[in-house]
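*Asks:* Numbering-wise (our numbering), the sequence shown opens with residue 31 and increments by one.
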Amino acid sequence: MTDDQRIEVYPGCEAVVEFDPDLTFECVPECTWCCHHGVLLYGKDLLELAQRENINESVKQIRGRDFVRREEKDRDEHIDIDEHACYFLRDDGRCSLHAEHDWKPTRCSVFPLEVHVEDDDIHVSVRDEAHTYCEGLNVSDRHVIDHLDAFLPRVLWNLDDPTTKVEL
């Protein structure tokens, strides 16, 4: 592992990278591990989701924050221990938001990475559990560090707390 690097993701928007710069990632068909986590919706995400889907059916508030509802899924792979996953996970293992609207909430874009704030800087690491469950790590030639803008939507720099790992 190398020392952390400060990378400019967008003009004036830097992130401290806390993962191996040789890390590669590409979503693998049928791997829906990321879909069993609760999807926190930031304000902009909620507005964009409302333009695409019925938020009365798909969103619920937990402790004053908006999350995509989780529901029981009849899948054998990659569901949470309680057999629940994201409302938008289709039976074919694809996300209906991504497949039908070519859009993902911010928190979904960040997977398998994790964002936290330290000393007023955005820090990016790989989720610990991703090394065990995410099948897309190190299976391609697509270096994460070269495509940080695909993982880190610009809105993260405008949030009071862009932390992406928020437990339900």
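The beta carbon of each residue, even a glycine, is placed where N, CA and C say it ideally should be. Note that the structure is a prediction, hence the values are computed from the model and not measured.
Let's test the definition: count the other Cβ atoms within 10 Å of the Cβ of Pro-199 and tell me whether it reaches 16, buried, or not, exposed.
*Replies:* Nothing about residue 199 can be read from this structure; the chain reaches only from 31 to 198.
*Asks:* How long is the line joining the alpha carbons of Arg-82 and Gly-68, rounded to whole angstroms?
*Replies:* Cα to Cα, Arg-82 sits roughly 19 Å from Gly-68.
*Asks:* My output table needs one value for Lys-74: the three-state DSSP class, helix, strand or coil.
*Replies:* Here Lys-74 sits in helix by DSSP.
*Asks:* Identify the continuous alpha helix (DSSP H) that holds Asn-55 and give its terminal residues.
*Replies:* This sequence places Phe at residue 55; Asn is not what is there. Phe-55 -> no alpha helix (DSSP H), and no H or E assigned at all.
*Asks:* Are at least three pairs of beta-carbons, each pair with one atom in the region 124 to 141 and one in the region 62 to 78, less than 8 Å apart?
*Replies:* They touch, by the three-pair rule.
*Asks:* What's the C-alpha gap between Met-31 and Ser-88?
*Replies:* Caution applies to Met-31, whose pLDDT of 45 falls short of 50 and renders its modelled position unreliable; the model cannot decide the point.
*Asks:* Between which two residues does the alpha helix (DSSP H) containing Ile-85 stretch?
*Replies:* Its alpha helix (DSSP H) spans residues 85 to 88.
*Asks:* Rounded to whole angstroms, what's the CA-CA distance from Val-98 to Pro-51? Just pull it up for me.
*Replies:* Cα-Cα distance, rounded: 32 Å.
*Asks:* Terminal residues of the continuous alpha helix (DSSP H) containing Arg-137?
*Replies:* First-last of the alpha helix (DSSP H) with Arg-137: 136 to 140.
*Asks:* At the level of alpha carbons, what is the spacing between Leu-76 and Phe-118?
*Replies:* If you take the alpha carbons of Leu-76 and Phe-118, they lie about 14 Å apart.
*Asks:* Using the Cα positions of Cys-61 and Arg-100, report the straight-line distance between them to the nearest angstrom.
*Replies:* Cα to Cα, the separation comes out at about 17 Å.
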